[in-house]
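Accompanying notes for the structure given below.
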Amino acid sequence: MDESITVERVRHALVVGRLDADGAAVLLAANLPPKRDRTFVVVGTSALDAMKRIDPWVAADLADEARGDLCVVAPGFGSMGGNGALPPAKLLADRLGVEVTAPDGEPVALEDGSLFVPGQSSGWVSFRPDGRRTRIGARLPAPWWQDGLPDPAEHLVHVPAGLWLRQPDASPRADDRLLRQTPDPDRMYVVLGAPGEPPPAVESVVEVLRELPDESRDRAVLACYGFGGGELIREVAGELGAPVRVAHGVPSGDGLVQVDDEGAVRWRPFAVESVYRDDSPPVLDRWLAPGSLAMVEPGSYRLTEGWRVDVVPRGLVVRPDAVHLDETITAAEPGPTADVVFAAERAVPPEVIAAFDRLVRELPDAARENLRIVPVGDASTLADVEAADRIERVAERPAPSRVTSAPQLVAPPKGAVMVTPDGRILPVAPILATPARPTPKNDVRSRPADFPDIASALPPARPASSAPVQQQIQLPEVLQPNPAPPRPPASTWPATPTPQAAPVPQVVQAPHATRAAAQAQQAASAQPAMPGSAQHVPQVVQAPRAIQASAAHAPLWGHPRSAPAGGQPPWIGQLDTGPAPPAPAEAEPVWPTETQAAAEERKAEAAAQPEAVEDGAAQPEPGAVAETEPTNDQAAEPSRSIPATTSSRDFRTVASASAVPPPAPAAAKDAAPVGALPATVASTTKSTVEPVTKSITGLLPKRDLPTVQAVEVPEDARSTPEQRRAMRAALGSRYDVATRAVTRLLSERPGMRFASEDRAALLAELAVVRVFADDPTGEYDADFYVCLADGLRRLPTVRTVVVRGIPANTAVRPESVLRLPTPVVAAPATGTEPVGPAEALIWTTTGRRLDGLVDEPTAESEISHRGDVVLSGHTKLRVLAVESERILLAEDGTARDAALTRLRAAAAARADIANRPATSRWFGPLPAA
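According to full-length UniProt numbering, the sequence shown is numbered sequentially starting from 1.
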């Protein structure tokens with residue numbers, strides 16, 4: 001052995017070589033991450049020959065300094081010799097009796113301290129003393145998605161971020177940045193093509209994706225390198241028959257970036273990822289906030305009052321709230337320029353110009369340098385902006401056929417939202433939107449009055465969730481004061497509708513219902529009836545939020561997009577031409593849980609209470625209804641057309657009136673003038689002004705909503721790949737959020753990862769446990785509970801006392817045995833948070849720990865769930881004692897005296913905790929004995 005070769009420790013690693021000559025090895029060792037189960041050994045150039053021949057002095061020094069298994073960082077240390085000699089790593093494993101991991105090629109150190117082996121080799125391989133050889137992959141440490149990746153080929157190479165697919169005859173790019181980018185622990189990218197060369201074929205992309213394991217294929221992200229790729233991605237989604245996730249850029253050290261034809265980095269897009277389908281526009285799923293604007297809905301930010309900024313793949317869209325641009329403009333493919341599409345036909349208000357200038361100043365430097373402002377409409381309206389020199393007139397106005405066939409997206413889902421670890425705000429429900437029925441291009445109801453030229457080339461506007469109600473509720477075309485002549489039905493409606501047994505009542509939504517109904521009746525008398533149409537279609541005024549039992553296929557003409565372009569649905573002409581049959585008498589509604597005595601009491605109250613009239617005034621005669629038409633001031637008062645509240649009796653009346661309107665009185669038919677309201681309107685308005693009965697639902701008084709029932713699964717049930725795929729599809733974005741926490745847990749506890757043979761099942765089942773830990777009272781299906789049971793078996797157990805809140809009137813007998821049908825979450829008894837009016841203290845020895853799967857609280861006021869424990873389904877609990885406001889239980893089969901001692905000590909420690917309203921997380925009734 002050369003005496004100058006030494007084995008020295010540098011931070012967490014060992015360096016074999018001469019410290020004065022192998023500076024690169026010393027620097028690499030200093031940047032390697034620590035590993036608890038193995039020691040990194042970095043071999044310098046001066047000691048490479050000695051290591052490959054397993055110098056006995058070097059081996060002895062390694063045995064003295066190393067702890068646990070070894071990972072030798074030396075070129076070709078895990079490769080076979082040129083003359084068929086065994087790999088040096090195997091010889092060293094046999095000599096030291098430990099597992100040795102080494103590269104089958106030239107290792108490259110990345111910025112995050114990880115190591116990557118490029119080329120057509122096996123990457124990193126491990127040799128054990130018993131002779132077993134295990135292929136790890138090209139990346140070390142191995143991300144969760146590395147198992148099961150296809151082998152490198154002529155057109156497919158491994159890169160740190162995932163896979164790189166190109167044309168088979170493409171020239172090598174040994175200096176490309178993709179070979180030096182750090183891997184993403186959460187995402188596996190499939191990079192397509194390269195700058196300046198044609199993209200790969202659709203068949204090649206589909207073949208590579210189908211070779212991936214189910215878990216990796218479902219979460220793979222396609223990234224188009226140097227080209228847009230929208231049509232290619234749609235064809236791939238069509239061939240796979242499943243949605244495809246696409247990144248709007250290529251991975252880099254600072255996130256995704258857009259490059260030009262020569263591969264130079266230009267800017268970082270705001271749209272990060274979208275989900276593509278073959279038959280619908282892409283749906284934005286991840287994005288970056290533009291500047292410091294406030295978000296009004298997913299992917300949309302408030303610029304100023306009445307104006308917003310939308311994040312799109314090509315950049316940003318600045319538009320008024322009432323204007324929605326076509327898919328060909330908003331969903332255009334990104335490129336080397338950061339496009340800002342500005343929808344402005346007339347003069348832009350000065351406050352909008354000022355807000356837009358602030359937005360441009362807050363953009364990142366790269367985005368400002370590559371900024372391109374694309375006006376939709378008159379470009380001269382943007383002459384006053386600070387970046388006027390970046391305005392570029394682009395002929396992107398879509399053709400009429402494109403507008404007609406462009407599907408319309410439903411507004412983003414509302415309700416509960418979640419904040420992901422990377423700062424995204426997502427709804428709890430899956431975010432994938434569904435395409436709505438297209439609207440004909442000549443439908444003038446969706447044309448904004450202030451932007452007539454823009455709207456002529458744009459699809460119908462979709463309702464914005466943050467816009468005022470007055471902007472979303474518009475009257476149908478047939479209810480305007482000067483209606484246009486009826487046009488033939490649009491071809492987009494069904495050709496063979498379901499026959500209607502009776503004329504469909506036309507529903508008009510408030511607050512303009514009173515005036516609109518009068519105008520509609522006047523317009524109906526001035527228009528000739530269509531041949532074969534019904535002779536009478538009653539008008540029914542409906543208050544908001546009233547639940548209608550409307551007939552099948554009844555058009556909701558209160559919505560701006562519901563009425564067809566011709567003014568009447570095509571099925572009107574196919575109704576019976578004879579007189580309308582008399583409406584059946586209104587039947588007395590029957591409540592499912594109402595007893596006979598309660599029904600008689602309700603009828604007596606209804607008969608004793610006089611009919612309410614507005615402000616105590618006398619009810620006008622039918623012929624005088626037209627004189628009570630409200631003025632503009634009256635129409636602004638909700639009480640004139642919308643009742644402030646609705647009682648339980650009135651709810652039944654409104655619902656039945658919406659379904660089958662009663663016949664109008666004879667006096668109203670004979671004497672009502674042209675502008676008078678039908679009697680149905682007057683009677684419905686009069687019957688809905690009584691005060692509401694207090695109710696938790698607002699509709700069904702004194703009746704609780706049904707609780708969600710958990711699904712009990714067999715004790716020995718095991719999840720299948722089909723169940724895991726169905727579960728992933730049902731959870732949607734919640735599954736993606738959960739897998740990030742699981743990935744972090746597996747990196748901290750490698751023993752859990754190596755103990756599982758099926759890595760995909762491990763990740764999916766632990767993700768289900770994470771979702772359940774976040775929302776134990778959620779509504780889940782049987783596939784979820786099967787995966788949950790499997791995931792709980794993978795978690796470590798705990799021996800401790802936990803507590804759950806129970807109802808105050810819980811009655812159990814000592815020594816009785818209770819069986820939990822489904823898993824429940826319990827809080828640690830050492831906590832200080834109340835769980836309910838009464839408590840069940842439980843001594844558990846098989847409960848599963850959740851620490852590492854749940855997030856730490858971000859504020860001091862939040863409750864920590866790190867110590868929560870899950871009691872698995874089929875757990876049997878024996879009642880040991882029943883004390884004041886507490887029941888002491890222990891798992892059946894444990895030592896009674898020892899468990900009772902621990903339970904009473906925990907009860908004494910919780911004696912001073914005040915009883916406050918219970919939380920649904922730790923509260924629930926005990927199962928029957």
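Even for Gly, the Cβ is constructed at its ideal location relative to N, Cα and C.
Only a predicted model underlies this, so the values are computations on that prediction, with no experimental measurement involved.
Consult DSSP for V660 and reduce its assignment to one of helix, strand or coil. Any reading at V660 is ruled out, since the residue's pLDDT is 38, under 50, leaving its predicted position unreliable.
As a quick exercise: from L788, D64, T822, pick the residue whose alpha carbon is nearest that of A767. L788
Leaving out the 5 sequence neighbours to the left and right, which residues in its chain are closer than 6 Å to A21 when beta-carbon positions are compared? S46
If you measure between the beta carbons of A223 and V191, is that distance less than 8 Å? yes
Distance, Cα to Cα, A85 vs V159? CA-to-CA, the gap between A85 and V159 works out to about 29 Å.
Would you kindly report the start and end of the unbroken alpha helix (DSSP H) that includes M295? Here M295 belongs to no alpha helix (DSSP H); instead the beta strand (DSSP E) covers 294-297.
With respect to the beta strand (DSSP E) encompassing L156, which residues constitute its N-terminal and C-terminal limits? 156-159
Which two residues bound the contiguous alpha helix (DSSP H) that contains M727? 721-731
When the Cα atoms are used, what is the spatial distance from T810 to S884? 11 Å
Same chain, Cβ closer than 8 Å to M80, neighbours up to 5 away in sequence not counted: By the criterion of a C-beta distance shorter than 8 Å, M80 is surrounded in its chain by L86, P87, once the five residues flanking it on both sides are discounted.
What residue from R921, L850, A928 has the CA that sits closest to K876's CA? Nearest option by C-alpha distance: A928.
N-terminal and C-terminal residue of the beta strand (DSSP E) that S300 is part of: 300-304
Outcome for V317 when other beta-carbon atoms lying within 10 angstroms are tallied against a minimum of 16: When all chains shown are included, V317 counts as buried.
By how many angstroms is the C-alpha of V125 removed from the C-alpha of R53? 19 Å
Residue from P776, A905, E239 with nearest C-alpha to H865: It is P776.
Would you tell me roughly how many angstroms separate the C-alpha atoms of S733 and M727, rounded to the nearest one? Cα to Cα, the separation comes out at about 12 Å.
With a threshold of 8 Å between beta-carbons, can T800 be considered close to chain C, or not? In the structure shown, chain C does not exist; there is a single protein chain.
Would you call the region 321-329 in contact with the region 347-360, where contact means no fewer than 3 C-beta pairs closer than 8 Å? no
Start and end of the beta strand (DSSP E) containing T6? Per DSSP, T6 belongs to the beta strand (DSSP E) from 6-10.
Do the CB positions of E111 and G253 come within less than 8 Å of each other? yes
Ignore the nearest five residues each way along the sequence and tell me which others in D912's own chain have a CB closer than 8 Å to its CB. none
Pick out the complete alpha helix (DSSP H) segments inside the region 23-53, 4 residues or longer, and give them in chain order. 23-31, 48-52
Cα-Cα, which of P364, G162, P807, N31 is closest to E839? E839 has its Cα closest to that of P807, out of P364, G162, P807, N31.
If you run the structure through DSSP and keep just helix, strand and coil, what is A204? Here residue 204 is Ser; the residue named in the question, Ala, does not match the sequence. DSSP places S204 in helix when its eight states are reduced to three.
Mapping DSSP to helix, strand and coil, what is P88? helix
Beta-carbon proximity check, L926 vs A899, cutoff 8 Å: Cβ atoms of L926 and A899: not closer than 8 Å.
Beta bridge counterpart(s) of P251 as assigned by DSSP: L256
Three CB pairs or more closer than 8 Å across the region 372-384 and the region 330-346: With a cut-off of 8 Å, the region 330-346 and the region 372-384 count as touching, because enough Cβ pairs lie within range.
Check whether the region 130-137 and the region 740-748 touch, using three or more Cβ-Cβ pairs below 8 Å as the test. no
Mind listing, in chain order, the continuous alpha helix (DSSP H) runs of no fewer than 4 residues lying wholly within the region 168-242? 202-211, 214-219, 230-240
Select from E891, D169, E779, P143 the residue whose C-alpha is nearest the C-alpha of E153. Per the sequence presented here, residue 153 reads as Ala, with Glu not at that position. The shortest C-alpha separation from A153 is found at D169.
Could you tell me whether the Cβ atoms of P269 and G249 are closer together than 8 Å? yes
Work out the CA separation of R234 and D279 for me, nearest whole Å. 8 Å
Taking the alpha-carbon of G778 as reference, which of V824, G805, V41 has the nearest alpha-carbon? V824
Which runs of the beta strand (DSSP E), 3 residues or longer, sit entirely within the region 335-367? 338-344
Which class does A74 belong to by DSSP, given the choice of helix, strand or coil? It is coil, neither helix nor strand.
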